[in-house]
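Novice: Please read through the structure below; I'll follow up with questions.
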Amino acid sequence: MKNTNYAGRRGGMIRGLSLAPYSVWALLFILVPLFFVAYYAFTDNSFHFTFGNITRFFTATSSVTDDSGTAREVHTYLLIFMRSLKLAVISTIICLIMGYPAAYIISKASGRTQKIMITLIMIPMWMNFLIRTYAWMTILQDTGIFNGLIGLLGLRPVHIIGTESAVVIGMVYDYFPYMILPIYSVMAKMDVKLIEAARDLGCNGFGVLHRVIWPLSLPGVFSGITMVLVPSISTFYISQKLGNGKFYLIGDAIEGQYVANNLHFAAAIAFILMVILLLCMAVMQRAANRRAAV
Amino acid sequence: MKPISKFYTALIMLFLFAPIAILLFFSFNEAKSLSVFSGFSLYWYRELLRDSETLGAVRNTLLLAVSAAVISTAMGTAAAVGINKLRSRYLRAAMDTVTNIPMINPDIITGISLMLMFVFVGRLFGAATSLSFWTMLIAHVTFCLPYVILQVLPKLQQMDKSLPEAAMDLGCTPLRAFLKVEIPEILPGVITGLIMAFTLSLDDFVISYFTAGNGFQTLPIRIYNMTKKTVTPKMYALATIIFFVILALLLISNLTDSDGKELRRRARKKHLKSKEVAST
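One line per chain: the protein sequences are E and L, in this order.
Following this note's numbering, the numbering of the first sequence begins with 1 at its first residue and continues without gaps.
Following this note's numbering, the numbering of the second sequence begins with 295 at its first residue and continues without gaps.
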């Protein structure tokens, strides 16, 4: 196509040059590293091609002793993966249930209040996440603050630390703002006239929520779900601290192999996690698109 | 707000801030305990100021965050300008996809992938440890870039395309038109991008963990090493200081943000007035 732009050739040159550093950078430090994950995942220690690391993920077994004292053989990494998925999904659902009404309430407040609330919600996000998690560890300990408060109410202390619930609490706390913020930003932009129109046409409160607000807020909901699910499925610190290291998650598995210098197997786990997440996101994207099309 | 809404928001805020309040409170504890308060003291703050390893980590973190923010903002802004002018739909889609990768990939995968490449390339050159300040800087610039681009690109799209063209019609070179017309228009996005890059770099633990060399320790990595052993209120004192610094930064950025808007509004009004005067 002939360039009719006033900038002419020189403009084109500047345009090309302005994108050049980033293109090179993205190639070298975004795309090539991903190739290295695959390369390490499919090679052994002497860089010969092998499926060994991938099959090890699916077939490695170990014996676990459950609470009743009976030992059984389990697929180590499949078990770890399913556990990560379960805890991440539970945390995401809790974040959504807690965050959706909060985002709605904030979006209905006055402009000033909205700004203050959103700033407040963002403050914990900027606190170091290791310290936040550690604070929960001291709260949930058997002799910690939570049990102290419960004791004041005359209730029996509960054992939380080292259970899956503690890990879920940590995940919800750490990633909760990532659920509220995208939902809020969609709701804040929502056209109030649509809600008024629905009311004028005889919709009751629940109808407005169900037929107008919820469908319109779905893009925010989907991005909130991704922003909570992805970090919680891949976390490796929360489970070590709040689960007392008893609930190995997929992130812990990767980190453990890295520390043990088994880089090829670490890459294999990372590769599998990446492929599964990509598939999940493709499915969610399609669901989102279909909803948008209806 | 309805009372029930108020109550619910209060509960959410309690959930978000209770751990932080506890942390602030116990940083003033006299004793070593993190759950039994025995008396007010600034002992742990004095201890913190004597901890040269942590202070060194603070210095490293700031050095890294400033470098990463400046480099990623410069490169990201240029990239946004280039992406915005791409005519080919496929090229544009390819660029968007690549830019999205570091944002949708879990941090652990970004970290592992960069680490694998650094280790491999380091081995090629026969280096025993290839991880250093420079590998960390590369990693930080890489994960900051998409956020900068996403801040600047919408500003470019909102900008009136005839503005730079008018400048060039009036005799500006493309470069001068860019500096004099486009840059002021996109400046708010560039500044937000810079601040985001800075805070992301400051707070990152996972990617730093995988790409850090032995010699270079940032604050999150120092905190990680502290929490491996029994934690004293010293770490809470550190957290308290971080909390107040963040609070101050947020307040300042909120204030300057509204000031900036006000200034731009006034400038536009003045400009319109002078136009009216000129036309009459």
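Backbone N, C-alpha and C fix where the C-beta goes; we use that ideal spot for every residue, glycine too.
Which whole-angstrom value is the C-beta distance of Gly243 of chain E and Ala166 of chain E, which I expect to be below 8 Å?
Specialist: Sure, about 6 Å apart at Cβ, within 8 Å.
Novice: Can a CB atom of chain L be found closer than 8 Å to the CB of Phe49 of chain E?
Specialist: Closer than 8 Å: no.
Novice: Would a C-beta distance cut-off of 8 Å place Ala270 of chain E and Ile402 of chain L closer than the cut-off?
Specialist: Closer than 8 Å, so yes.
Novice: So the candidates are E:Ala20, E:Val192 and E:Thr59; which of them puts its Cα closest to the Cα of Met389 of chain L?
Specialist: Out of E:Ala20, E:Val192 and E:Thr59, E:Ala20 has the C-alpha closest to the C-alpha of Met389 of chain L.
Novice: What whole-angstrom Cβ distance do Val305 of chain E and Ala198 of chain E have, given they're in contact under 8 Å?
Specialist: Nothing about residue 305 of chain E can be read from this structure; chain E reaches only from 1 to 294.
Novice: Below 8 Å between beta carbons is the criterion; list the residues of the stretch 406-419 of chain L that meet it against any residue of chain E, in chain order.
Specialist: So the close ones are Ile406, Ser407, Leu408, Met409, Leu410, Met411, Val413 and Phe414.
Novice: Buried or exposed: which applies to Thr4 of chain E, given that a residue is buried once 16 or more other Cβ atoms fall within 10 Å of its Cβ?
Specialist: Caution applies to Thr4 of chain E, whose pLDDT of 43 falls short of 50 and renders its modelled position unreliable; the model cannot decide the point.
Novice: Here's the rule: buried if 16 or more other CB atoms are within 10 angstroms of the residue's CB, otherwise exposed. What is Leu469 of chain L?
Specialist: When all chains shown are included, Leu469 of chain L counts as exposed.
Novice: Which residues mark the beginning and the end of the alpha helix (DSSP H) in which Glu255 of chain E is found?
Specialist: Element bounds for Glu255 of chain E: Ile250 to Val259.
Novice: List the residues of chain L whose Cβ lies closer than 7 Å to the Cβ of Phe81 of chain E, in chain order.
Specialist: Ordered by position in chain L, no residue passes the 7 Å Cβ test against Phe81 of chain E, which lies about 14 Å from the chain.
Novice: From Phe49 of chain E to Ala41 of chain E, what does the alpha carbon distance come to, in whole angstroms?
Specialist: Whole-angstrom Cα-Cα distance: 9 Å.
Novice: Using a Cβ-Cβ cutoff of 9 Å, what residues of the stretch 479-508 of chain L are near chain E? List them in chain order.
Specialist: Within the stretch 479-508 of chain L, the qualifying residues are Thr493, Leu496, Asp497, Phe499, Val500, Tyr503 and Phe504.
Novice: Could you confirm whether any beta carbon from chain L is found closer than 8 Å to the beta carbon of Trp214 of chain E?
Specialist: Chain L contact via Cβ: absent.
Novice: Would you say Ser234 of chain E faces chain L, with C-beta separation under 8 Å as the test?
Specialist: True, the Cβ-Cβ gap to chain L drops below 8 Å.
Novice: Give me whichever residues DSSP pairs with Ser62 of chain E in a beta bridge.
Specialist: Ser62 of chain E is bridged to E:Val74.
Novice: Can you pull the chain L residues whose beta carbon is under 7 Å from the beta carbon of Leu34 of chain E, in chain order?
Specialist: Going along chain L in sequence order, the residues near Leu34 of chain E (Cβ under 7 Å) are Ser407.
Novice: Under 7 Å Cβ to Cβ from Met1 of chain E, same chain only, skipping five residues before and after it: list those, please.
Specialist: Caution is warranted here: a pLDDT of 40 is assigned to Met1 of chain E, below 50, making its placement in the model unreliable, and the coordinate value is therefore given only provisionally. Correct list: empty, nothing qualifies.
Novice: Step through the CB atoms of chain E and report whether any lies within less than 8 Å of the CB of Asn354 of chain L.
Specialist: Taking Cβ atoms only, chain E never reaches closer than 8 Å to Asn354 of chain L, which makes this a no.
Novice: Leaving out the 5 sequence neighbours to the left and right, which residues in its chain are closer than 6 Å to Ser46 of chain E when beta-carbon positions are compared?
Specialist: Nothing listed; no residue qualifies.
Novice: Using CA coordinates, which residue listed in E:Gly202, E:Phe247, E:Tyr39 and E:Lys241 is at the minimum distance from Met269 of chain L?
Specialist: Limits of chain L in this structure are 295 at one end and 574 at the other, which puts residue 269 of chain L out of reach.
Novice: At what residues does the alpha helix (DSSP H) containing Arg506 of chain L begin and finish?
Specialist: It is Ala, not Arg, that sits at residue 506 of chain L in the sequence shown. Run containing Ala506 of chain L: none; DSSP gives neither H nor E here.
Novice: If you drop the 5 nearest sequence neighbours on each side, which residues of the same chain put their C-beta closer than 6 Å to that of Phe235 of chain E?
Specialist: The displayed chain sequence assigns Thr, not Phe, to residue 235 of chain E. Counting only Cβ-Cβ distances below 6 Å, and skipping sequence neighbours, we find Gly251.
Novice: Under three-state DSSP, which class holds Asn147 of chain E?
Specialist: If DSSP states are grouped into helix, strand and coil, Asn147 of chain E belongs with the helices.
Novice: Give the range of the alpha helix (DSSP H) segment to which Gln141 of chain E is assigned.
Specialist: That residue, Gln141 of chain E, is in no alpha helix (DSSP H); it is neither H nor E in DSSP.
Novice: Counting contacts by CB-CB distance shorter than 8 Å, is Val392 of chain L in contact with chain E?
Specialist: Interface residue, yes.
Novice: Is Asn399 of chain L helix, strand or coil by DSSP?
Specialist: Three-state DSSP puts Asn399 of chain L in coil, outside helix and strand.
Novice: When you compare each of E:Leu78, E:Ser62 and E:Val64 to Leu249 of chain E by their alpha carbons, which one comes out closest?
Specialist: Leu249 of chain E has its Cα closest to that of E:Leu78, out of E:Leu78, E:Ser62 and E:Val64.
Novice: Can you tell me whether DSSP reads Thr526 of chain L as helix, strand or coil?
Specialist: Coil.
Novice: Per DSSP, Thr467 of chain L forms a beta bridge with which residues?
Specialist: Answer is none; Thr467 of chain L lacks a bridge partner.
Novice: Helix, strand or coil for Thr43 of chain E per DSSP?
Specialist: The answer is strand: DSSP assigns Thr43 of chain E an E or B state.
Novice: State yes or no: is the beta carbon of Pro101 of chain E nearer than 8 Å to at least one beta carbon in chain L?
Specialist: Yes, contact with chain L.
Novice: I'd like to know whether the C-beta atoms of Ile316 of chain L and Ile161 of chain E end up nearer to each other than 8 Å.
Specialist: No, the Cβ-Cβ distance between Ile316 of chain L and Ile161 of chain E is not below 8 Å.
Novice: What residues from chain E crowd round Tyr302 of chain L, counting only those whose CB sits closer than 8 Å?
Specialist: Pro101, Ala102 and Ile105, listed in chain order.
Novice: Is the distance from the Cβ of Thr447 of chain L to the Cβ of Ser366 of chain L below 8 Å?
Specialist: Just to set this straight, residue 447 of chain L is Leu in the shown sequence, not Thr. No, the Cβ-Cβ distance between Leu447 of chain L and Ser366 of chain L is not below 8 Å.
Novice: Can you find a CB in chain L that lies within less than 8 Å of the CB of Ile254 of chain E?
Specialist: Yes, its Cβ sits closer than 8 Å to a Cβ of chain L.
Novice: Give a yes or no on whether 8 Å exceeds the smallest Cβ distance from Ser18 of chain E to chain L.
Specialist: Yes - at least one Cβ of chain L is within 8 Å of the one on Ser18 of chain E.
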